Amino acid sequence: MSTKSKVAVIGLGNIGSAVAANLVKGNRPIIVADRTLAKTEALAQKLGALAQPADIAAAIKDADIIVLAIYFNPIQEFLKQYASELAGKVIVNPSNPIAPAENGGFKKIVGEDESSGQFLPTQLPQGVKLAKALGTWEPHL
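Now the structure itself:
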């Protein structure tokens, strides 16, 4: 008999909330976490019993797979801050190397010939695996 890996969704903006909702719709228990505890608790309540709210550190500790749905710029700091806690985990990363532009819209924040799929593996702590996925997915799907 096999057990399912525990999944946490960290970052509950448009993408993270949509991923969490779709996992719950698929009858998958999840852990949800965000910088803002009120946002975490509100989404967990909305999604129902399959969504367990947690702070970020607890979500990392309890999960095997982490959907890291945060903007690309803060990912480096996140990986440094939680380096030891992330050992042995799988990170699913839907981010794209963009940031809000000064004139509205978004701008690319890595070199023209670079991608987040090339850059992120160089930033991972020892023992962390990366799955780059959902980068072209729109939250309403």
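By the UniProt record's numbering, the letter at position 39 of the sequence shown is numbered 39, and the numbering carries on one by one without gaps.
Here a beta-carbon is modelled for each residue, glycine too, at the ideal position from N, C-alpha and C.
Predicted model only: the values in this text are computed from it and were never measured.
Write down the C-beta distance between residue i and residue j rounded to the nearest angstrom, noting that I regard them as a contact closer than 8 Å.
{"i": "VAL19", "j": "LEU86", "result": "Not a contact, Cβ separation roughly 19 Å."}
{"i": "ALA21", "j": "ALA59", "result": "Wrong, their Cβ atoms sit about 17 Å apart, outside the cutoff."}
From residue i to residue j, what does the alpha carbon distance come to, in whole angstroms?
{"i": "GLN76", "j": "LEU50", "result": "30 Å"}
{"i": "VAL92", "j": "ALA99", "result": "19 Å"}
{"i": "ALA69", "j": "ALA44", "result": "16 Å"}
{"i": "ALA8", "j": "GLY105", "result": "29 Å"}
{"i": "LEU12", "j": "GLU112", "result": "29 Å"}
{"i": "PRO37", "j": "PRO53", "result": "It is worth fixing the name first, because residue 37 is Leu in this sequence and not Pro. Approximately 8 Å, taken between the alpha carbons."}
{"i": "GLU138", "j": "ASN14", "result": "Residue placement at GLU138 is flagged as unreliable, the pLDDT there being 49, under the threshold of 50; the coordinate-derived value follows with that caveat. Using only the alpha carbons, I get a separation of about 9 Å."}
{"i": "TYR82", "j": "LYS39", "result": "21 Å"}
{"i": "PRO94", "j": "ALA42", "result": "22 Å"}
Looking at the strands, I want to know which residues DSSP matches up with residue i.
{"i": "LYS107", "result": "ALA99"}
{"i": "GLN52", "result": "ILE31"}
{"i": "LEU37", "result": "Per DSSP, none; premise fails for LEU37."}
{"i": "VAL7", "result": "ILE30 and ILE65"}
Given that a residue counts as buried once 16 or more other Cβ atoms are within 10 Å of its Cβ, and exposed if not, what is residue i?
{"i": "PRO29", "result": "exposed"}
{"i": "SER5", "result": "exposed"}
{"i": "GLY26", "result": "exposed"}
{"i": "LEU23", "result": "buried"}
{"i": "ASP55", "result": "exposed"}
{"i": "GLY88", "result": "exposed"}
{"i": "GLY48", "result": "exposed"}
{"i": "SER84", "result": "exposed"}
Give me the residue from the options with the minimum Cα distance to residue i.
{"i": "ASN73", "options": "GLY88, ALA101, GLY48 and ILE60", "result": "ALA101"}
{"i": "PRO125", "options": "ILE65, SER17 and LEU79", "result": "LEU79"}
{"i": "ILE66", "options": "LYS107, SER17, THR3 and ILE31", "result": "ILE31"}
{"i": "ALA57", "options": "ARG35, LEU47, SER17 and GLY48", "result": "ARG35"}
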